[in-house]
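Heads up, the thing below is written out as C-alpha cells.
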Amino acid sequence: MSQPASTHPVLDPLLAPPFPQAALAVLRNPQLRKNVAHAIDVIQSKRAKLVAEKTDWQELRSSASAIRAHALENLDYYLEQFESRCTAAGGTVHWATDAAEARQIILDLLRQENATEVIKIKTMTSAEIQLNPFLEAAGISAYETDLAEIILQLGDEEPSHIVVPALHINRNQVREIFARRMGLENLSDDPKTLTNAARTWLRSKFLTIPTAISGANFLIAETGSVAIVESEGNGRMCLTLPRALITLAGIEKVIPRFQDLEVMLQILARSATGERMNPYTSLWTGVTPGDGPQRFHVVLLDNGRSSILARPRERQTLKCIRCAACMNACPVYRQTGGHAYGSVYPGPIGAILTPQLMQMHHAQSLPYASSLCGACYEVCPVKINIPEVLLDLRAQVTDQERHDLGRFFDPMYIGLRIANLLFARAWLFHTAQFFGRIGLRIFTRKDGWIHSLPGIGAKWTQTRDLRGLPDETFHGWWASRKKEAK
Amino acid sequence: MTAPLESREKILNRIRAATQTVAKAPGELADAYSALPRTYIRHGRLTPEARTNLMIERLREYDAEVVECSLDELPATITAQLAASGKHNFVAPPGSPSEWMVASAWQITGLEWNLDQWDSGHGLKTAEIEQSEGVVTAASCGIADSGTIVLHHSAIEGRRVLTLLPDWHLCILKASQVVETLPEYFSLCEHPPALVTWISGPSATADIEMTRIKGVHGPRFLHVILIRDNV
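If you want it as C-alpha cells, here you go:
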C-alpha cells in the first residue's frame, strides 16, 4: 500500500521543526513505521551474527577508536600530509571553510569542465551542503547513481538513514516511483526487476557523462589516496569512466596510514550492512595515466567540524566512520525513522553531530531525542560515547536557556522556580502538599491512577499515567508512628 | 567568499587552536602512532588446505562460482569455463599468459579475444569493453576470512574499467596467493599500491526492503578458478 507522508520532511537544521513535533508525522504513519522497523530488524540480525563470529571484535574496536582519535588530535599534520601526497600524485586539493564555499568551488570546477551534467556516488556530505539544488539552480543536472539515492531523487523524497537512505520506502512505493519517472508502466514490484530497471536507466549516463562527484570513506595521509566503500558498482563506474572527478570530504575523514585500513575495513561493513566485506572497495591515488579520470580534485570541508574538535569531550563525535550501527540499534530511531531528526544525519550520531555542526545555534532539541539507554555506544565500532556527548550537549542547551529572556514564559522554568521555592521552606512545602493532595484527589480514579490532567498537566498525562497520591504522607505516617510508640 | 589560500590557513589555524593541548610534536608523532593498541588477530591459524577451503566457502556464500584445478589443468579449466558461459566475446589484460587464451580460442568456435593494451597506449575503447561479454584476469591476493579478491591493477589484472563493464568476470587465483586474515594481506603490501579494488562477490544491493539482489552495475557474474598450488 502506497501512502506518502502527509508533510514533506525538512532536513535543513535551519528550518526543521523541533524533534518531538517532526516525530509526530512519522508516528502517525503506520506504513512508514513498518518499513523502518522491517529494515532495521534485518540489518540488526545480520550484524549481530557477523560481529559474534569475530572473536577479536573488542580489540578491533579499541584499535579503530585509538587510530581515529590519534588522527583527530594531529589533524593539521595529517591533512597537510594528505594534501602534499595527493598533489604529488597529480590531484588538486581545495579547502572550504563552510558549505557555501564548498558549493562554489565545486561549481567553478564543473564550469571549468564545461559540465552540464554530473554523475554522483552517494555522499552524505554533499547532502549536508545541499549541493544538488544549488547545482540545479546553476543549470547543472546532478544524477545520483546509488539505487537508494535514485529512488529518493526520482521520488522527490528525503534520505532517512545514512547507509540505506531509502529504507523508509517499500517495494510498492519504489515501483510506483520508477514506473512514473522512467516511463515503465508495466513494472512489477519484484526487487530484482526494480534493480534491473535502475541498471538500464543509468548505464548510458555512466558511459556518456564525463564528470563525477564522490564523497570519501577514508583519506589516507601517508599516500594521499582516497578509499570508497560500496556495494553496487556505481561507485566504481563514477571513479573509473569519467574524465574528471571531484571528491568532497569532511576534514575528519583522514587516517594516518594505508595499513590502518586493515582495522577500518574489518569493522565498517560488519557494522553497516552486516556483511563480512562489502562487494566493492576502491582506493585510488591522485591520477593514474591511462586508468580512470585524468583530472582529480579533492574538496576538504570544515563547515563546523573544527569547532567540534575544540571541545575535548565532544571531539570524539568526529571519530565517526558513518556506519549507522547507532541508528540501527536506537530504540528512538526505530520508532521515528530518520526524518524526525531534521538533518541528513539522523539517529544518535545525528543527534550529537547536527547541533554541533550548527554550532549549537540550531537543532537544540536533538540532544533530547534519546532515552540515554547506551545501545548506540555499545555497537559503535569506533567507541563514540554518544550518551556522554548527549548529556554534555544538553548542559550546553540549558546554559543557553539560562540567558534567554523567553524563559520567564516557559511553564517548565516557572514550575521549577516554584518548586525551588517550595522545597527550600518546610512550612511552604507542607502547605503546598496539603492543597496539592486535595486538588489531585479530584483527578484520581478508583484504580488509584491519574489518567488525565487538565491544562498544562496534560503534557504529562498525554503519554503516561500518574500514580495517585497515597492516603497518608510519609511525614504524617512518621509522626503518627511516634505518637503510637509513646 | 574568501580566497582559497586564506581558507586553507583559516581551517588549519582553527584545527591547531583546537588541538594544541593534545597534538604531538612532529618528532613524537611516529612514536605516538606506533604506540596505538593493535591487539587484534593478525595471523590466522588454519592449515593451507583449510585456508583454501575457507576462501572457497566464503566466495560461494557471496554467490560467486568457484572451480579448483592444478596448474597443469588451468588452460583446460579456463576453456571449460568459457564454453559453459555461452559467451564468445572476451577481453583480457595485456599481461595475460598466452596459454590462458590459446586453448580456448582453438577449441571454441567463434570465440574472440581482445587484449586491452592500455599500458602501451593501445587500450580498447570504453565502448569496446562495454560490448564484450566477459573478462578474464589474474588477481594480486585472496583474503579467506572475508572471501575477498584483491586487484592491484597490474598488467595481468587489467586497468579498473576492464573488470567493471563486462557482465562476466573470470578471475584466476592461486591458492599460494590466499592469506587468511586482512592484516596478513596488509603486511604483504610493503609499498602501498596506488590503485586497489577489493572485490567481495558480485555487485549487489539491498536498498529495496533489505533484500539482497545480485548484480547492479558491476559484473553480475563472478567466477573464480582456484589453482591448488600449495599442497
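Protein chains in written order, with my numbering: chain A, 226 to 711; chain B, 35 to 265.
Cβ atoms here follow ideal geometry from the backbone N, Cα and C, with glycine treated the same way.
Extent of the continuous alpha helix (DSSP H) to which residue i belongs
{"i": "residue 303(A)", "result": "300-313"}
{"i": "residue 119(B)", "result": "108-119"}
{"i": "residue 614(A)", "result": "611-627"}
{"i": "residue 531(A)", "result": "530-534"}
{"i": "residue 492(A)", "result": "486-498"}
{"i": "residue 459(A)", "result": "459-465"}
{"i": "residue 454(A)", "result": "Segment 450-455 is the beta strand (DSSP E) holding residue 454(A); no alpha helix (DSSP H) there."}
{"i": "residue 272(A)", "result": "255-277"}
{"i": "residue 376(A)", "result": "372-380"}
{"i": "residue 216(B)", "result": "216-222"}
{"i": "residue 439(A)", "result": "First-last for residue 439(A): 436-439, but that is the beta strand (DSSP E), not the alpha helix (DSSP H)."}
{"i": "residue 420(A)", "result": "416-433"}
{"i": "residue 643(A)", "result": "636-648"}
{"i": "residue 57(B)", "result": "Residue 57(B) -> no alpha helix (DSSP H), and no H or E assigned at all."}
Interface flag, residue i vs chain E, CB-CB below 8 Å
{"i": "residue 442(A)", "result": "Absent here is chain E; the protein component of the structure consists of chains A and B."}
8 Å Cβ cutoff, residue i in contact with chain B
{"i": "residue 230(A)", "result": "Per-residue confidence for residue 230(A) stands at a pLDDT of 45, beneath the threshold of 50, marking its modelled position as unreliable; no derived number is given."}
{"i": "residue 503(A)", "result": "yes"}
{"i": "residue 702(A)", "result": "no"}
{"i": "residue 516(A)", "result": "yes"}
{"i": "residue 426(A)", "result": "no"}
{"i": "residue 420(A)", "result": "yes"}
{"i": "residue 302(A)", "result": "yes"}
{"i": "residue 284(A)", "result": "yes"}
{"i": "residue 617(A)", "result": "no"}
{"i": "residue 476(A)", "result": "yes"}
{"i": "residue 281(A)", "result": "yes"}
{"i": "residue 227(A)", "result": "Only weak support exists for where residue 227(A) lies, its pLDDT of 42 falling under 50; the coordinates are left without a value."}
{"i": "residue 413(A)", "result": "no"}
Chain A within 8 Å of residue i, Cβ atoms only
{"i": "residue 187(B)", "result": "yes"}
{"i": "residue 245(B)", "result": "yes"}
{"i": "residue 258(B)", "result": "no"}
{"i": "residue 152(B)", "result": "yes"}
{"i": "residue 42(B)", "result": "yes"}
{"i": "residue 124(B)", "result": "no"}
{"i": "residue 99(B)", "result": "no"}
{"i": "residue 139(B)", "result": "no"}
{"i": "residue 214(B)", "result": "no"}
{"i": "residue 223(B)", "result": "yes"}
{"i": "residue 142(B)", "result": "no"}
{"i": "residue 233(B)", "result": "yes"}
Beta-carbon separation (whole angstroms), residue i vs residue j, contact threshold 8 Å
{"i": "residue 562(A)", "j": "residue 251(A)", "result": "5 Å"}
{"i": "residue 215(B)", "j": "residue 75(B)", "result": "6 Å"}
{"i": "residue 245(A)", "j": "residue 590(A)", "result": "7 Å"}
{"i": "residue 149(B)", "j": "residue 170(B)", "result": "11 Å between Cβ atoms; not a contact."}
{"i": "residue 457(A)", "j": "residue 483(A)", "result": "With 8 Å as the limit, residue 457(A) and residue 483(A) do not qualify as a contact, their Cβ atoms being about 25 Å apart."}
{"i": "residue 488(A)", "j": "residue 289(A)", "result": "5 Å"}
{"i": "residue 555(A)", "j": "residue 573(A)", "result": "5 Å"}
{"i": "residue 538(A)", "j": "residue 477(A)", "result": "Not really, about 16 Å apart at Cβ, beyond 8 Å."}
{"i": "residue 264(A)", "j": "residue 377(A)", "result": "No, residue 264(A) and residue 377(A) are not in contact; Cβ-Cβ is about 14 Å, not under 8 Å."}
{"i": "residue 331(A)", "j": "residue 473(A)", "result": "7 Å"}
Extent of the continuous beta strand (DSSP E) run through residue i
{"i": "residue 547(A)", "result": "Looking at the DSSP string, residue 547(A) is not in any beta strand (DSSP E), and its letter there is neither H nor E."}
{"i": "residue 152(B)", "result": "From DSSP, residue 152(B) is part of no beta strand (DSSP E); its letter is neither H nor E."}
{"i": "residue 316(A)", "result": "316-321"}
{"i": "residue 469(A)", "result": "469-475"}
{"i": "residue 655(A)", "result": "Careful: residue 655(A) lies outside any beta strand (DSSP E), inside the alpha helix (DSSP H) at 651-666."}
{"i": "residue 557(A)", "result": "Not the beta strand (DSSP E): residue 557(A) falls in the alpha helix (DSSP H), residues 556-561."}
Listed from N- to C-terminal order along the chain, which residues in the segment 333-355 of chain A have their beta-carbon within a distance smaller than 8 Å of any beta-carbon of chain B? Of all residues in the segment 333-355 of chain A, none has a Cβ within less than 8 Å of some Cβ in chain B.
If contact means a Cβ-Cβ distance below 9 Å, which residues of the segment 377-410 of chain A contact chain B? Within the segment 377-410 of chain A, the qualifying residues are 389, 390, 391, 392, 394, 395, 396 and 399.
Using a Cβ-Cβ cutoff of 7 Å, what residues of the segment 661-672 of chain A are near chain B? List them in chain order. Cβ contacts with chain B: none found.
Is there contact here, the segment 417-425 of chain A with the segment 191-205 of chain B, by at least three beta-carbon pairs under 8 Å? As far as the Cβ criterion goes, the segment 417-425 of chain A does not touch the segment 191-205 of chain B, which means the pair count is below three.
Tell me which residues of the segment 77-89 of chain B have at least one Cβ-Cβ distance to chain A shorter than 9 Å, keeping chain order. Going along the segment 77-89 of chain B in chain order, one finds no residue with a Cβ nearer than 9 Å to chain A.
For the segment 460-468 of chain A against the segment 506-523 of chain A, are there 3 or more C-beta pairs whose distance is under 8 Å? Look at the beta carbons and you see the segment 460-468 of chain A touching the segment 506-523 of chain A: at least three pairs across the two are nearer than 8 Å.
Examine the Cβ distances between the segment 426-439 of chain A and the segment 363-379 of chain A and report whether three or more of them are shorter than 8 Å. Touching, yes.
To be precise: take each residue of the segment 48-61 of chain B, compare its Cβ to all Cβ atoms of chain A, and keep it if any distance is under 9 Å. Which residues remain? For the segment 48-61 of chain B, the residues whose beta carbon sits under 9 Å from a beta carbon of chain A are, in order, 48, 49, 50, 51, 52, 53, 55, 56, 57, 58 and 60.
Three or more C-beta pairs closer than 8 Å, one from the segment 60-75 of chain B and one from the segment 282-299 of chain A: is that the case here? Because the criterion of three Cβ pairs below 8 Å is met, the segment 60-75 of chain B and the segment 282-299 of chain A touch.
I want to know whether the segment 630-641 of chain A touches the segment 590-599 of chain A - three or more CB-CB distances under 8 Å. Taking 8 Å as the limit for Cβ pairs, the verdict is that the segment 590-599 of chain A does not touch the segment 630-641 of chain A.
What are the residues in the segment 447-466 of chain A lying within 8 Å of chain B by C-beta distance? For the segment 447-466 of chain A, which is checked against every Cβ of chain B, the residues closer than 8 Å are 447, 448, 450, 456, 457, 458, 459, 461, 462, 464, 465 and 466.
Counting Cβ pairs closer than 8 Å, one from the segment 206-214 of chain B and one from the segment 252-263 of chain B, do we hit at least three? Cβ pair count under 8 Å is three or more, so yes.
Hey, is the segment 576-590 of chain A in contact with the segment 613-626 of chain A, meaning 3+ C-beta pairs nearer than 8 Å? The segment 576-590 of chain A makes contact with the segment 613-626 of chain A: 3 or more CB pairs, one atom from each, lie closer than 8 Å.
Quick test of the definition: if touching needs 3 or more C-beta pairs under 8 Å, does the segment 78-93 of chain B touch the segment 156-174 of chain B? No, the segment 78-93 of chain B is not in contact with the segment 156-174 of chain B.
Near-chain A residues of the segment 159-182 of chain B (beta-carbon distance less than 9 Å), N- to C-terminal order: Taking 9 Å as the Cβ-Cβ cut-off against chain A, the residues of the segment 159-182 of chain B that qualify are 160, 161, 164, 177, 179, 180, 181 and 182.
Does the contact criterion of 3 or more C-beta pairs under 8 Å hold for the segment 295-308 of chain A versus the segment 324-339 of chain A? Inter-segment contact for the segment 295-308 of chain A and the segment 324-339 of chain A is absent: fewer than three beta-carbon pairs are separated by less than 8 Å.
Check whether the segment 402-420 of chain A touches the segment 267-277 of chain A, taking contact to mean three or more Cβ pairs, one atom from each stretch, closer than 8 Å. With a cut-off of 8 Å, the segment 267-277 of chain A and the segment 402-420 of chain A do not count as touching, because too few Cβ pairs lie within range.
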